[in-house]
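Here's the structure, in C-alpha cells; my notes come after.
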Amino acid sequence: MRREVEQIAEWIIASKKVVVFAGAGLSTESGIPDFRSPGGVWDRYDPEDFYFQNFLSSEASREKYWQMATEMYEPMKKAQPNLAHLALAEMERFGKLDCVITQNIDGLHFKAGNSEERVIQLHGTAMHVSCLTCGKRYDRDEIQERVRKGQKAPRCDDCQGPLKPATISFGQAMPERETQEAYHRSSLCDLFIVIGSSLVVQPAASMPLVAKRNGAKLAIINRDPTPYDNMADLLIHGQAGPIMADIMQNVRRGMEVKD
Ligand SMILES: [Zn+2]
Numbered sequence: 002m003r004r005e006v007e008q009i010a011e012w013i014i015a016s017k018k019v020v021v022f023a024g025a026g027l028s029t030e031s032g033i034p035d036f037r038s039p040g041g042v043w044d045r046y047d048p049e050d051f052y053f054q055n056f057l058s059s060e061a062s063r064e065k066y067w068q069m070a071t072e073m074y075e076p077m078k079k080a081q082p083n084l085a086h087l088a089l090a091e092m093e094r095f096g097k098l099d100c101v102i103t104q105n106i107d108g109l110h111f112k113a114g115n116s117e118e119r120v121i122q123l124h125g126t127a128m129h130v131s132c133l134t135c136g137k138r139y140d141r142d143e144i145q146e147r148v149r150k151g152q153k154a155p156r157c158d159d160c161q162g163p164l165k166p167a168t169i170s171f172g173q174a175m176p177e178r179e180t181q182e183a184y185h186r187s188s189l190c191d192l193f194i195v196i197g198s199s200l201v202v203q204p205a206a207s208m209p210l211v212a213k214r215n216g217a218k219l220a221i222i223n224r225d226p227t228p229y230d231n232m233a234d235l236l237i238h239g240q241a242g243p244i245m246a247d248i249m250q251n252v253r254r255g256m257e258v259k260d
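Here's what the structure looks like:
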C-alpha cells in the first residue's frame with residue numbers, strides 16, 4: 002500500500018484539477034449509522050412510506066417521514082468530520098481540489114472546512130429544509146424545533162406547502178443543476194479519486210467513466226471491491242480516513258520539496 006499512497010500523492014501534486022467522489026463510507030467512518038444495514042432505522046419503518054410520491058400525496062406519510070427523519074438527524078448533527086474529510090479540506094487549501102462530488106447529506110465536508118462552491122451535493126442536504134410548493138429554504142434546526150414542540154408534518158410559513166428536508170428521496174428526481182455540474186467537472190479533471198463509495202448507485206457510478214474517457218487518471222479508495230476496480234489506475238482497499246491522512250502527509254512533504 003505504501004507504493005500506492007506515494008503514487009497518488011505524486012499525482013495530486015502534479016494535477017491541476019482533482020475531482021473527488023465521496024460516498025457513504027466517509028459518513029460511516031464519522032459514526033453516522035448506515036441506515037440500510039440490519040438493525041438500522043429501515044428495520045423499524047416501511048421504505049414504501051418514504052417514496053416521494055407518497056410524501057406528496059398523504060399527510061400520514063409526511064408524518065411518518067418526519068418521525069424517521071428526526072431520528073436520523075440527531076446522530077448526523079452530532080457527528081464530526083474524520084481524517085478523510087479533513088484531508089479534502091486540506092486539498093482545497095493547497096489549491097488542488099476542483100470539487101468534491103458527494104453522495105452524503107450530513108454537511109461534514111463543510112464542518113471540515115471545504116467551501117460551499119467546492120462541494121456538489123448530489124443527494125441534497127439534511128442541514129436544510131425546503132418547501133415543496135414555493136421552494137423557500139429553512140435551517141433544519143429551526144424546523145426540528147417545531148417538530149419537537151409537536152408539529153408532526155411542518156408546513157411553510159409563506160404558502161402552507163409541505164416542508165421536507167432538502168435531501169433526495171426515493172422516487173425524487175436527482176437535482177438537475179448539481180448532476181450536470183458533477184458530470185461537467187468530471188469531464189474536465191485530470192485526476193478523479195473515488196473515496197468510500199462502492200459505485201453502485203446511478204448516475205453517480207458513471208462519473209468515474211466520464212473522467213476516465215476524457216483522459217483523467219482514476220484512483221479508487223474503498224473498503225470493498227467496486228465494479229470499476231479493473232478500470233482504476235490505482236486501487237487501495239481500506240479505511241478512507243487513515244489512508245487519506247497518509248496521502249496528504251506525502252503531498253505536504255512533496256510540495257515542500259518542490260518549493
Ligand atoms: Zn412555501
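Be aware that the sequence shown starts at 2, since it is given in the numbering used here, and climbs by one per residue.
Quick reminder that beta carbons are idealized off the backbone N, C-alpha and C, glycines included.
Buried versus exposed, by CB contacts within 10 Å (16 or more), residue i
{"i": "His-110", "result": "buried"}
{"i": "Lys-65", "result": "buried"}
{"i": "Val-258", "result": "exposed"}
{"i": "Ala-93", "result": "Residue 93 is actually Glu in this sequence, not Ala. By the 10 Å Cβ count, Glu-93 comes out buried."}
{"i": "Cys-160", "result": "exposed"}
{"i": "Val-201", "result": "exposed"}
Residue i: CB within 7 Å of a non-hydrogen atom of ligand 1
{"i": "Cys-132", "result": "yes"}
{"i": "Lys-137", "result": "yes"}
{"i": "Gly-162", "result": "yes"}
{"i": "Asp-159", "result": "yes"}
Nearest-angstrom Cβ-Cβ length linking residue i and residue j, presumed shorter than 8 Å
{"i": "Leu-98", "j": "Val-19", "result": "6 Å"}
{"i": "Asp-191", "j": "Ala-154", "result": "Asp-191 to Ala-154, Cβ: 47 Å. No contact."}
{"i": "Ala-80", "j": "Gly-32", "result": "6 Å"}
{"i": "Ala-127", "j": "Tyr-74", "result": "6 Å"}
Identity of the residue in the options nearest residue i by Cα
{"i": "Phe-51", "options": "Ala-127, Gly-151, Ser-170", "result": "Ser-170"}
{"i": "Val-211", "options": "Ile-194, Arg-224, Asn-223", "result": "Ile-194"}
{"i": "Ser-199", "options": "Pro-76, Asn-251, His-238, Gln-8", "result": "His-238"}
{"i": "Cys-157", "options": "Val-258, Ala-15, Lys-137", "result": "Lys-137"}
{"i": "Gly-24", "options": "Thr-103, His-185, Tyr-46, Arg-3", "result": "Thr-103"}
{"i": "Leu-57", "options": "Leu-164, Met-245, Met-175", "result": "Leu-164"}
{"i": "Gly-96", "options": "Gln-152, Ile-14, Pro-34, Glu-143", "result": "Ile-14"}
{"i": "Glu-72", "options": "Glu-117, Gln-250, Glu-49, Pro-34", "result": "Pro-34"}
Distance between residue j and residue i (C-alpha atoms, nearest Å)
{"i": "Asp-230", "j": "Ala-206", "result": "12 Å"}
{"i": "Asp-234", "j": "Thr-29", "result": "26 Å"}
{"i": "Gln-173", "j": "Gln-122", "result": "15 Å"}
{"i": "Pro-166", "j": "His-129", "result": "6 Å"}
{"i": "Cys-132", "j": "Pro-243", "result": "39 Å"}
{"i": "Thr-134", "j": "Met-77", "result": "26 Å"}
{"i": "Met-208", "j": "Ile-222", "result": "15 Å"}
{"i": "Gln-203", "j": "Thr-180", "result": "11 Å"}
{"i": "Glu-112", "j": "Leu-89", "result": "Reading off the sequence, residue 112 comes out as Lys, not Glu. In a straight line, the C-alpha of Lys-112 is about 11 Å away from that of Leu-89."}
{"i": "Ile-248", "j": "Arg-224", "result": "16 Å"}
{"i": "Ser-62", "j": "Asn-55", "result": "6 Å"}
{"i": "Met-175", "j": "Glu-91", "result": "29 Å"}
{"i": "Ile-106", "j": "Glu-11", "result": "30 Å"}
{"i": "Gly-26", "j": "Lys-213", "result": "22 Å"}
{"i": "Asp-47", "j": "Ser-16", "result": "46 Å"}
{"i": "Ala-241", "j": "Gly-197", "result": "6 Å"}
Distance cut-off 7 Å: residue i Cβ against heavy atoms of ligand 3
{"i": "Leu-123", "result": "What this structure holds is ligand 1, not ligand 3."}
Contact with chain C by residue i, beta-carbon distance below 8 Å
{"i": "Gly-26", "result": "Although the question refers to chain C, the structure presented lacks it and comprises just one protein chain."}
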